[in-house]
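Everything below concerns the one structure shown next.
Protein chains: 2
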Amino acid sequence: MFKLLNMSSTPTDDRTTKARIRDAAIECVATYGVAATTVRKVAEAADVAPGSVIHHFGSMEELRFACDTYIAASIREYKRSAIAQGSGVDLTAAIQNSDIGSMGGYLAQVLAEDSPTVAKLVDDLVGDAEVYMEQAVETGMARPTDDPRGRAAILMLWSLGALVMHKHMQRLLGFDITDPESAASPALGAYAAPAYEILGEGIFTPSFSDKAREAFSAMSEKDRDDKK
Amino acid sequence: MFKLLNMSSTPTDDRTTKARIRDAAIECVATYGVAATTVRKVAEAADVAPGSVIHHFGSMEELRFACDTYIAASIREYKRSAIAQGSGVDLTAAIQNSDIGSMGGYLAQVLAEDSPTVAKLVDDLVGDAEVYMEQAVETGMARPTDDPRGRAAILMLWSLGALVMHKHMQRLLGFDITDPESAASPALGAYAAPAYEILGEGIFTPSFSDKAREAFSAMSEKDRDDKK
DNA sequence: CGCCGGATTGAACAAGTGTTTAAACTACTG
DNA sequence: CAGTAGTTTAAACACTTGTTCAATCCGGCG
């Protein structure tokens with residue numbers, strides 16, 4: 114009998130049993146995925162009997178819900194404090210600075226499933242990104258756009274999508290976005306440099322960009338005409 | 114007892130039983146995910162006995178492998194024909210034009226798991242994207258870059274990540290990227306327009322972009338100095 | 001026809017799932 | 001000290017999982 118997951122338990126672990134179970138579940142989801150997160154695996158990782166897991170949360174589904182809620186609350190809490198001290202509202206920063214080590218891994222796993230709690234969190238993040246971009250436009254950092262919400266949504270979908278794809282990114286660029294230590298990694302540049310280049314100046318030449326825009330508006334005009 | 118999945122079976126279905134089982138499995142994965150794709154669900158969808166599934170593929174894992182391989186081959190085949198007739202090498206186009214209706218949904222599900230077959234496919238797609246971008250630079254469509262591979266990798270990670278996030282995109286923008294009919298949908302613009310705006314001119318103003326670039330190179334220089 | 005080999009079936013199997021339950025234990029109160 | 005309410009446990013439950021297996025079906029060949 115050996116522990117599969119070594120929870121970073123301090124010499125004297127003063128967390129309640131319920132909290133220990135919740136944390137073990139989060140770590141298990143982050144490491145093995147939701148499908149592989151069973152009552153017995155969580156129980157073993159939290160060092161309790163399987164029955165205790167159900168006793169504290171009622172059912173496995175409620176445990177999952179509790180984990181989603183806890184992670185969502187943790188992210189919202191971080192964003193609030195980040196705004197209060199004036200630093201940027203960056204999701205990757207939230208992942209790095211969280212006291213929940215496996216937050217990135219957990220998000221990467223649950224973003225692909227459809228949980229209403231996670232869906233609500235994503236919606237909120239898009240809303241936050243929109244107001245943040247709005248401010249960036251006002252301070253001259255970001256370009257204005259016809260579709261602020263659409264732009265914010267796509268930026269968030271790309272960011273979170275990259276999080277879900279972290280194993281592929283690790284393989285392609287040597288950089289694991291879910292690793293809390295990754296911010297200090299020299300491989301950070303392998304992701305950040307090209308990403309900021311794309312977000313800074315785009316990938317298309319201005320001449321092609323203009324042509325594409327014309328074709329686009331022509332297409333949507335044709336679409337309107339067809340509708341008549 | 115009713116069929117959960119209605120395979121688009123022609124009046125006279127001339128596919129072999131093995132092919133029917135494989136197609137049913139792909140559709141089941143696309144709709145319900147890999148964890149929910151069980152022997153009995155596949156058997157029911159393919160209208161065969163559970164034993165037949167194992168008889169033809171040896172095990173459930175080998176069936177999954179066969180599905181991955183089949184999808185990967187189908188995408189590579191499409192790309193080859195697309196290049197041959199000179200049209201663009203666009204992944205979303207491959208999803209739309211494939212004769213496998215649920216290819217997009219299947220990819221969205223398996224990109225989050227770690228399958229060596231899918232990993233190899235992603236690596237190939239990045240490689241293809243790199244040479245495609247290289248040609249776009251030569252023809253004056255795309256800007257040159259210091260890190261062609263990094264740029265291609267990130268563009269692919271963002272695109273595929275958005276595919277995995279398709280349910281969130283559907284909710285946020287009303288556009289489902291996995292739907293084969295989506296290319297004809299008027300909601301296409303809700304995704305394509307802001308996406309092309311970002312890829313065309315970026316999101317940052319030139320002045321901020323310059324400052325960020327300076328900060329970036331200063332940071333990596335400092336990183337080099339610290340290493341000494 | 002008689003036969004044979006692959007395809008197909010449905011019943012079994014062991015292992016793993018979430019959940020229930022009764023018993024034991026623990027800590028705190030009257 | 002006795003009692004009690006909340007924890008915790010291990011064993012059982014019903015169910016689903018992938019897989020095995022003997023029996024049956026079916027098409028082609030001698």
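Chains as they are written, first to last, in the numbering used here: chain A, 114 to 341; chain B, 114 to 341. We treat Cβ as the ideally placed atom computed from N, Cα and C, and that holds for glycine.
Neighbourhood of residue i by C-beta, 6 Å cutoff - its chain only, sequence neighbours within 5 removed
| i | result |
| --- | --- |
| threonine 258(B) | Arg264 |
| alanine 266(A) | Val239 |
| methionine 246(B) | Ala255 and Ala265 |
| leucine 286(A) | Ala303 and Tyr304 |
| serine 165(B) | none |
Residue i in three-state terms, based on DSSP
| i | result |
| --- | --- |
| phenylalanine 170(A) | helix |
| phenylalanine 329(B) | helix |
| alanine 94(A) | No information on residue 94(A) is available, as it lies outside the stretch 114 to 341 that chain A covers here. |
| phenylalanine 288(A) | coil |
| proline 293(A) | coil |
| isoleucine 188(A) | helix |
| serine 165(B) | helix |
| glutamate 226(A) | coil |
| alanine 148(B) | coil |
Exposure of residue i, with buried meaning 16 or more beta-carbon neighbours within 10 Å
| i | result |
| --- | --- |
| isoleucine 196(A) | exposed |
| histidine 279(A) | buried |
| lysine 233(A) | exposed |
| alanine 162(A) | exposed |
| glutamine 222(A) | buried |
| proline 229(B) | exposed |
| glutamate 157(B) | buried |
| methionine 114(A) | Since pLDDT at methionine 114(A) reaches only 34, below the 50 mark, its modelled position is unreliable, and no value is offered. |
| threonine 291(A) | buried |
| arginine 177(B) | buried |
| aspartate 136(B) | buried |
| aspartate 323(B) | exposed |
Start-to-end residues for the alpha helix (DSSP H) that takes in residue i
| i | result |
| --- | --- |
| serine 272(A) | 261–277 |
| glutamate 251(B) | 229–251 |
| glutamate 310(B) | 301–314 |
| glutamine 222(A) | 216–223 |
| isoleucine 134(B) | 130–145 |
| valine 152(B) | 152–159 |
| glutamine 198(B) | Here glutamine 198(B) belongs to no alpha helix (DSSP H), and DSSP marks it neither H nor E. |
| threonine 318(A) | Counting along the chain, threonine 318(A) falls outside any alpha helix (DSSP H), and DSSP gives it neither H nor E. |
| isoleucine 208(A) | 204–210 |
Proximal residues to residue i (C-beta, below 8 Å), its chain only, five neighbours per side dropped
| i | result |
| --- | --- |
| glutamate 145(A) | A quick correction: the sequence has tyrosine, not glutamate, at residue 145(A). So the list reads Lys154, once near-sequence residues are dropped. |
| alanine 132(B) | none |
Cut-off 7 Å between Cβ atoms - residues of its own chain near residue i, not counting five sequence neighbours on either side
| i | result |
| --- | --- |
| threonine 83(A) | Past the edges of chain A, shown from 114 to 341, lies residue 83(A), and the structure says nothing about it. |
| leucine 268(B) | Ala242 |
| serine 211(B) | Ser187 and Tyr191 |
Residue i vs residue j beta-carbon contact at 7 Å
| i | j | result |
| --- | --- | --- |
| glycine 274(B) | glycine 274(A) | yes |
| glycine 134(A) | alanine 159(A) | The question names glycine, but residue 134(A) is isoleucine in the sequence shown. Yes; because the gap between Cβ atoms is below 7 Å, this pair is in contact. |
| phenylalanine 321(B) | tyrosine 304(B) | no |
| threonine 315(A) | glutamate 314(B) | The sequence shown places glycine at residue 315(A), not threonine. Yes, the pair counts as a contact, with Cβ atoms nearer than the cut-off. |
| leucine 224(B) | valine 277(B) | yes |
| proline 307(A) | aspartate 181(B) | no |
| isoleucine 167(B) | serine 187(B) | no |
| alanine 296(B) | glutamine 209(B) | yes |
| threonine 318(A) | glycine 253(B) | yes |
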